[in-house]
């Protein structure tokens, strides 16, 4: 439980009045661009940094005053985790084990490291290293596991393997606090996410609920006439195209209809998907290339950031942005807005 957490370095405030709750057995993600205050927040939760203000309780304990007791029940993999190059996998496990440690062989087998137990840390792949850090985080039967940028720099196959390991934690009832700027990761793993920017919480909730609140749109695209790609003049004749566009614009929830070559794009609220489908059925012409685009957590976070900009900066004619956009979420894009 975190209430009113504040942390500054000199005059730079990096965490500003943050509230955070993580229930037992939940996977909660802190999302946002680099510099949002995510890592500093979890460092205060672990007792690695002393807050300037606010209350932090981990399993009912103050992580600064009761550091030893908290450390017994919290496992962590931090962003800069590393081990000596020559340290072997089984030696690392033995080094970190306490009296209540789980059987080392069981964990190494569970995370696909049994055959690498005698391998030196330096010889492990990126995915193997991350799985080893998970083993060490879970070794002493923690009640809370904190993972910071767990899959940063991993290839897609290695990321999926680590995701599977985190799902195993949830299935076993372990509470997980996950720090990530990979929004597909947060969407795939988290029961709830907390979106942060400039040290503040913008919104929190299940990923799907944040998408509904901040990116509740849909886009339907299809070719017209269906299956006709030999007509260089585009969508039938002008009369047919015009009538189709007028019909689509009249549908409930439609915000925009555009024509690009022989493609029609209909943009609007989520129910527009059903209305467009019903209209096409009524016309008796079902396009084989019908596609539906739905926004994801990336789109929701971008909208949150734009709304935050609007609330803190007076709008100008040159700074207007589209109401909806699902472009790539990159550190450069978000960083430019901070």
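In the working numbering, the protein residues as written are 27 to 364.
The beta-carbon is built from N, C-alpha and C at its ideal position, and this holds for glycine as well.
Using a Cβ-Cβ cut-off of 7 angstroms (strictly less than) and excluding sequence neighbours within five positions of residue 34, which residues of its own chain qualify? Here residue 34 is taken as the residue at index 8 of the chain shown, counted from 1. Within the same chain, residue 34 has close Cβ partners 40 and 78.
Give the straight-line distance between the Cα atoms of residue 137 and residue 204, rounded to the nearest whole angstrom. On the chain shown, residue 137 is found 111 positions in, with the first residue counted as 1. On the chain shown, residue 204 is found 178 positions in, with the first residue counted as 1. Computed Cα separation, rounded: 18 angstroms.
For residue 162, which residues of its own chain have a beta-carbon under 8 angstroms away from its beta-carbon, when the five flanking residues on both sides are left out? Taking the first residue of the chain shown as 1, we reach residue 162 at position 136. Cβ neighbours of residue 162 beyond the five flanking positions: 101, 103, 118, 119 and 122.
Which partner residues of residue 312 appear in the DSSP bridge assignment? Taking the first residue of the chain shown as position 1, residue 312 is located at position 286. Paired residue(s): none; residue 312 is not in a bridge.
Kindly indicate the opening and closing residues of the alpha helix (DSSP H) around residue 186. If you number the chain shown from 1, residue 186 lands on position 160. Boundaries of the alpha helix (DSSP H) harbouring residue 186: 182 to 197, taken from the DSSP string.
Those residues which DSSP pairs with residue 55 across a bridge: Sequence index remark: in the chain shown, residue 55 carries index 29 (1-based). Paired residues: 204 and 219.
From residue 295 to residue 324, what does the alpha carbon distance come to, in whole angstroms? Numbered from 1 along the chain shown, position 269 holds the residue referred to as residue 295. Numbered from 1 along the chain shown, position 298 holds the residue referred to as residue 324. Straight-line Cα distance between these residues: approximately 18 angstroms.
Looking only at C-alpha atoms, which of 124, 116 and 126 sits nearest to residue 21? Missing from the structure shown is residue 21; the chain here goes from 27 to 364 and no further.
For residue 225, count neighbouring C-beta atoms within 10 Å of its own C-beta (all shown protein chains included) and say buried if the count is 16 or more, exposed if not. Indexing the chain shown from 1 puts residue 225 at position 199. Counting Cβ neighbours within 10 Å, residue 225 comes out buried, since at least 16 surround it.
Write down the C-beta distance between residue 126 and residue 95 rounded to the nearest angstrom, noting that I regard them as a contact closer than 8 angstroms. Reading the chain shown from its first residue, position 100 is the one you call residue 126. Reading the chain shown from its first residue, position 69 is the one you call residue 95. About 14 angstroms separates the Cβ atoms of residue 126 and residue 95, ruling out a contact at the 8 angstroms cut-off.
So, under 8 angstroms CB-CB, residue 241 and residue 329 are touching, yes? Tell me the CB distance rounded to an integer number of Å. Mapped onto the chain shown, residue 241 falls at position 215. Mapped onto the chain shown, residue 329 falls at position 303. Right, their Cβ atoms sit about 5 angstroms apart.
For the region 215 to 234 against the region 42 to 61, are there 3 or more C-beta pairs whose distance is under 8 angstroms? With the cut-off at 8 angstroms, the region 215 to 234 and the region 42 to 61 touch.
To the nearest angstrom, how far is it from the Cα of residue 157 to the Cα of residue 183? For this step, residue 157 is matched to residue 131 along the chain shown. For this step, residue 183 is matched to residue 157 along the chain shown. Inter-residue distance for residue 157 and residue 183 is about 13 angstroms (C-alpha atoms, whole angstroms).
Using the C-alpha atoms, what's the distance from residue 133 back to residue 145? One-based indexing of the chain shown puts residue 145 at position 119. One-based indexing of the chain shown puts residue 133 at position 107. Roughly 16 angstroms between the two C-alpha positions.
Measuring only the C-alpha atoms, how far is residue 150 from residue 66? Looking up residue 150 in the chain shown gives position 124. Looking up residue 66 in the chain shown gives position 40. Spanning the two alpha carbons is a distance of roughly 29 angstroms.
By how many angstroms is the C-alpha of residue 276 removed from the C-alpha of residue 291? Residue numbering aside, residue 291 sits at position 265 when the chain shown is read from its first letter. Residue numbering aside, residue 276 sits at position 250 when the chain shown is read from its first letter. Looking at the two C-alpha atoms, the distance is approximately 14 angstroms.
So does the region 85 to 94 actually touch the region 232 to 248, counting three or more Cβ pairs closer than 8 angstroms? Contact between the region 85 to 94 and the region 232 to 248 is absent, because fewer than three Cβ pairs lie under 8 angstroms.
With distances taken between CB atoms, is the gap from residue 64 to residue 56 smaller than 8 angstroms? Taking the chain shown and counting its residues from 1, one reaches residue 64 at position 38. Taking the chain shown and counting its residues from 1, one reaches residue 56 at position 30. Yes; because the gap between Cβ atoms is below 8 angstroms, this pair is in contact.
Excluding the five sequence neighbours on either side, which residues of its own chain have a C-beta within less than 7 angstroms of the C-beta of residue 249, listed in chain order? Indexing the chain shown from 1 puts residue 249 at position 223. Correct list, in chain order: 288, 289, 313 and 315.
What are the residues that DSSP puts in a beta bridge with residue 293? Residue numbering aside, residue 293 sits at position 267 when the chain shown is read from its first letter. Under DSSP, the beta-bridge partners assigned to residue 293 are 245 and 282.
Are the CB atoms of residue 271 and residue 285 nearer to each other than 8 angstroms? Within the chain shown, residue 271 is the residue found at index 245, counting from 1. Within the chain shown, residue 285 is the residue found at index 259, counting from 1. Taking 8 angstroms as the Cβ cut-off, residue 271 and residue 285 qualify as a contacting pair.
Taking the straight line between their C-alpha atoms, what separation do you get for residue 155 and residue 60? Counted from its first residue, the chain shown places residue 155 at position 129. Counted from its first residue, the chain shown places residue 60 at position 34. Rounded to whole angstroms, residue 155 to residue 60 spans 23 angstroms at the Cα level.
Would a C-beta distance cut-off of 8 angstroms place residue 278 and residue 293 closer than the cut-off? As a working note, residue 278 is residue 252 in the chain shown. As a working note, residue 293 is residue 267 in the chain shown. Going by C-beta atoms, residue 278 is not nearer than 8 angstroms to residue 293.
Within-8 angstroms CB hit, residue 162 to chain D: Here there is only one protein chain, and chain D is not present.
Spatial distance of residue 283 from residue 247 (CA atoms): Here residue 283 refers to the residue found at position 257 when the chain shown is read from its first residue. Here residue 247 refers to the residue found at position 221 when the chain shown is read from its first residue. The C-alpha of residue 283 lies about 10 angstroms from the C-alpha of residue 247.
Which residues in the same chain have their Cβ closer than 7 angstroms to the Cβ of residue 298, if we skip the five residues on either side of it in sequence? Locating residue 298 in the chain shown gives position 272, counting from the first residue. Answer for residue 298: 244, 246, 277, 279, 280 and 292, listed in chain order.
Measuring straight from C-alpha to C-alpha, what distance separates residue 27 and residue 48? Sequence index remark: in the chain shown, residue 27 carries index 1 (1-based). Sequence index remark: in the chain shown, residue 48 carries index 22 (1-based). C-alpha of residue 27 to C-alpha of residue 48: approximately 7 angstroms in a straight line.
Buried or exposed (CB count within 10 angstroms, at least 16 for buried), residue 113: Stepping through the chain shown from its first residue, residue 113 is reached at position 87. Looking at its Cβ environment, which holds fewer than 16 other Cβ atoms inside 10 Å, residue 113 is exposed.
So the candidates are 180, 131 and 164; which of them puts its Cα closest to the Cα of residue 97? The count along the chain shown starts at 1 and reaches residue 97 at position 71. It is 164.
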